[in-house]
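Sequences listed follow chains A and B, in order. Take the first sequence: its position 196, counted from the start at 1, is 195 in numbering that gives the first Met the number 0, and no numbers get skipped. Take the second sequence: its position 56, counted from the start at 1, is 55 in numbering that gives the first Met the number 0, and no numbers get skipped. Scroll down for the structure; my scribbles are underneath it.
2 protein chains.
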Amino acid sequence: MRRLLPSAPVTSLRVTYHLEVEAAEAPARAAEVALEQTVEVPRSAVTDPMIEGEVMGRVESLEADPAGGFRAVIAYPLETTALDPAQLLNVVFGNSSLHADCRCVDLEAPIELLDAMGGPRFGIEGIRKAAGIYDRPLTCTAIKPMGLSTPALADLCETFARGGIDVIKDDHGLADQQWSRLEERIPACLAACERAADATGHRALYVPNLIGSPERVLRALRFAEACGARAVMVSPMLLGLPFFWELCQRH
Amino acid sequence: MRRLLPSAPVTSLRVTYHLEVEAAEAPARAAEVALEQTVEVPRSAVTDPMIEGEVMGRVESLEADPAGGFRAVIAYPLETTALDPAQLLNVVFGNSSLHADCRCVDLEAPIELLDAMGGPRFGIEGIRKAAGIYDRPLTCTAIKPMGLSTPALADLCETFARGGIDVIKDDHGLADQQWSRLEERIPACLAACERAADATGHRALYVPNLIGSPERVLRALRFAEACGARAVMVSPMLLGLPFFWELCQRH
Numbered sequence: 000m001r002r003l004l005p006s007a008p009v010t011s012l013r014v015t016y017h018l019e020v021e022a023a024e025a026p027a028r029a030a031e032v033a034l035e036q037t038v039e040v041p042r043s044a045v046t047d048p049m050i051e052g053e054v055m056g057r058v059e060s061l062e063a064d065p066a067g068g069f070r071a072v073i074a075y076p077l078e079t080t081a082l083d084p085a086q087l088l089n090v091v092f093g094n095s096s097l098h099a100d101c102r103c104v105d106l107e108a109p110i111e112l113l114d115a116m117g118g119p120r121f122g123i124e125g126i127r128k129a130a131g132i133y134d135r136p137l138t139c140t141a142i143k144p145m146g147l148s149t150p151a152l153a154d155l156c157e158t159f160a161r162g163g164i165d166v167i168k169d170d171h172g173l174a175d176q177q178w179s180r181l182e183e184r185i186p187a188c189l190a191a192c193e194r195a196a197d198a199t200g201h202r203a204l205y206v207p208n209l210i211g212s213p214e215r216v217l218r219a220l221r222f223a224e225a226c227g228a229r230a231v232m233v234s235p236m237l238l239g240l241p242f243f244w245e246l247c248q249r250h
Numbered sequence: 000m001r002r003l004l005p006s007a008p009v010t011s012l013r014v015t016y017h018l019e020v021e022a023a024e025a026p027a028r029a030a031e032v033a034l035e036q037t038v039e040v041p042r043s044a045v046t047d048p049m050i051e052g053e054v055m056g057r058v059e060s061l062e063a064d065p066a067g068g069f070r071a072v073i074a075y076p077l078e079t080t081a082l083d084p085a086q087l088l089n090v091v092f093g094n095s096s097l098h099a100d101c102r103c104v105d106l107e108a109p110i111e112l113l114d115a116m117g118g119p120r121f122g123i124e125g126i127r128k129a130a131g132i133y134d135r136p137l138t139c140t141a142i143k144p145m146g147l148s149t150p151a152l153a154d155l156c157e158t159f160a161r162g163g164i165d166v167i168k169d170d171h172g173l174a175d176q177q178w179s180r181l182e183e184r185i186p187a188c189l190a191a192c193e194r195a196a197d198a199t200g201h202r203a204l205y206v207p208n209l210i211g212s213p214e215r216v217l218r219a220l221r222f223a224e225a226c227g228a229r230a231v232m233v234s235p236m237l238l239g240l241p242f243f244w245e246l247c248q249r250h
């Protein structure tokens, strides 16, 4: 089933790496990265024209970087990523991240990859809808520090809400610590916003911070929804991009 | 419910940061990191003795680094991590990772944290058991490159198995790409090892690479188990450490 020529133009993901190498080594180093991130075998071992044309990374350009070293643009066939967020990290960073002389500095994604990864699930319109504010800039603040008890954090929340803040989020350091358990904090802060709304007519949006392994985050998400939370926050690089992607796609 | 003094000795996580700063700035910079990774408010705003004693990071030592700059050891109360893998990353790297002059270089975990995070689920004994080899060093190789069809990869697998290799794993770049779908590759490579075992009496251990978002990896794991796979591999930094931790703990 070997095809002698690529059957169709291959869609590519273009990644720019800064290579901290001398001019004499630059072309070979760029070619090495292109191989290592895809086929990961010596160039001489790639004898199949299909693999050469439709699988292997290809150095598209190589130029001196004004800051020193070189910039190499490498095109990876899109199918190497399997359109999956974890495998995308693998192709872009995989083995190259082990080498101190190679650093990813840019990425140009084809539309097929952008479609598969998706963007913000709700965007600013979704935040405005959850906050119920459409006609002016939104104000936002965070409750902190970790170590405060749930009643103290809820008091802060009520103070901010009465002061007219639109969006009040947990500090990113507020997790499920003994000082303020998530399952106490969410209902307490939502109630604090309701009390402020009863007094002022302005209903602030409380945004709990969900952090943990996937099971913990999904359990906390269900709990927050059941309590009536209209928004939650998560930190993509702490949860891991693949789980973050799944959260945005499915929940 | 405010306590005036810490009620019990606080167990700490000790993290060493390299600070690329001048001697005159080093003490203030180290103190700033300790604050930012925990309470994330100005020092003057921490007036509660409990928060000062049991929540706030504390600079334990600060010394010149022979390589230039300084090394600061900061003790974080263990409870700041909530014994959760995502929150652990938050406390160690969180905001400090945004600053080019600060780099985490070491970490000393108390036994309570090590117990909560766990270590290898099966270890070398588990690999020996899955491979059925106890009395000599194990041999291992990988099938590659991406782009080969499932039959070609299974052929490689059979060749290696007949040659006496004990553990044959998917290259880390083999995902669920069109060239070799995971649901074809797993049974094909397991069957290849069985054919080799019938011929030689030596049953190699085929280890499929599971990569993707959590749902995809868990689906692939169930499929691999149903096919009779005795081991699988995953890449922690591609899946994200919190999901990797959950996989090791629960599956």
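Where a beta carbon is used, it is the ideal one built from N, C-alpha and C, also for glycine.
Pick helix, strand or coil for residue i, following the three-state DSSP scheme.
i, result
"A/Ala191", "helix"
"A/Val233", "coil"
"A/Met145", "strand"
"B/Ala81", "coil"
"A/Leu173", "coil"
"A/Phe69", "strand"
"A/Glu24", "coil"
"B/Ala108", "coil"
"B/Ala228", "coil"
"B/Arg1", "Because B/Arg1 carries a pLDDT of 43, less than 50, the predicted location of this residue cannot be relied on, and the following value inherits that uncertainty. In this structure, B/Arg1 counts as coil in the three-state DSSP scheme."
"B/Ser212", "coil"
Taking Cβ-Cβ distances shorter than 9 Å, what residues in chain A pair up with residue i?
i, result
"B/Thr37", "Pro144, Met145, Gly146, Gly172"
"B/Glu31", "Within 9 Å Cβ-Cβ: nothing; B/Glu31 doesn't reach chain A, min ~14 Å."
Along chain A, in chain order, which residues have C-beta atoms closer than 7 Å to that of residue i?
i, result
"B/Leu97", "Within 7 Å Cβ-Cβ: nothing; B/Leu97 doesn't reach chain A, min ~11 Å."
"B/Ala85", "Ile210, Gly211, Ser212, Leu237, Leu238"
Based on DSSP bridge pairs, tell me the residues matched to residue i.
i, result
"B/Arg102", "B/His17"
"B/Thr140", "B/Ile167"
"A/Tyr205", "A/Ile167"
"A/Pro76", "A/Ser11"
"A/Val58", "A/Ile73"
"A/Ala63", "A/Phe69"
"A/Ser43", "DSSP lists no partner for A/Ser43."
Skipping 5 residues on each side, what residues in its chain have a beta carbon closer than 7 Å to that of residue i?
i, result
"B/Gly131", "Arg202"
"B/Thr140", "Phe159, Ile164, Ile167"
"A/Val20", "Arg28, Gly68, Phe69, Asp100"
"A/Pro235", "Phe243"
"B/Leu237", "Ile210"
"A/Gln248", "Gly117"
"A/Pro26", "Leu61"
"B/Leu220", "Leu209, Val231, His250"
Against residue i, what residues of chain A qualify as contacts under a CB-to-CB distance less than 8 Å, listed in chain order?
i, result
"B/Met49", "Gly146"
"B/Val40", "Lys143, Pro144"
"B/Val54", "Pro144, Met145, Gly146, Trp178"
For a contact meaning CB atoms closer than 9 Å, what does residue i contact in chain B?
i, result
"A/Pro241", "Ile210, Gly211, Ser212, Pro213, Arg215, Val216, Leu237, Leu238, Gly239, Phe242"
"A/Gly93", "His171, Gly172, Ser234, Leu237"
"A/Glu111", "Here the premise fails: no neighbours, minimum Cβ distance about 13 Å."
Starting from the beta carbon of residue i, find every residue of chain B whose beta carbon is closer than 7 Å, and list them in chain order.
i, result
"A/Leu88", "Leu237"
"A/Glu59", "Those within 7 Å of A/Glu59 in chain B number zero; the least Cβ separation is about 19 Å."
Excluding the 5 residues preceding and the 5 following residue i in the sequence, name in chain order all residues of the same chain whose CB lies nearer than 6 Å to its CB.
i, result
"A/Thr79", "Thr37, Val90"
"B/Leu82", "Ala115"
"B/Ala13", "The question names Ala, but residue 13 of chain B is Arg in the sequence shown. Here the set comprises Val72, Ala74, Glu107."
"B/Met232", "Lys168, Val206, Asn208"
"B/Ala195", "Glu157, Ala160, Arg161"
"B/Glu183", "Thr149"
Which residues in the same chain as residue i place their Cβ atom closer than 8 Å to its Cβ, once the five residues preceding and following it in sequence are excluded?
i, result
"B/Leu112", "Leu12, Leu77, Thr80, Leu82, Leu87"
- Message: Tell me which residues of the segment 194-220 of chain B have at least one Cβ-Cβ distance to chain A shorter than 9 Å, keeping chain order.
- Response: So the close ones are Ile210, Gly211, Ser212, Pro213, Glu214, Arg215, Val216.
- Message: Give me the subset of the segment 154-170 of chain A whose CB atoms are less than 9 Å from a CB atom of chain B, sorted by chain position.
- Response: Asp170
- Message: To be precise: take each residue of the segment 173-184 of chain A, compare its Cβ to all Cβ atoms of chain B, and keep it if any distance is under 8 Å. Which residues remain?
- Response: Ala174, Asp175, Gln176, Gln177, Trp178
- Of the residues that make up the segment 117-139 of chain B, which ones have a beta carbon closer than 7 Å to any beta carbon in chain A? none
- Item | Residues of the segment 68-80 of chain A whose Cβ lies closer than 7 Å to any Cβ of chain C, in chain order | In the structure shown, chain C cannot be found, because the protein chains are A and B.
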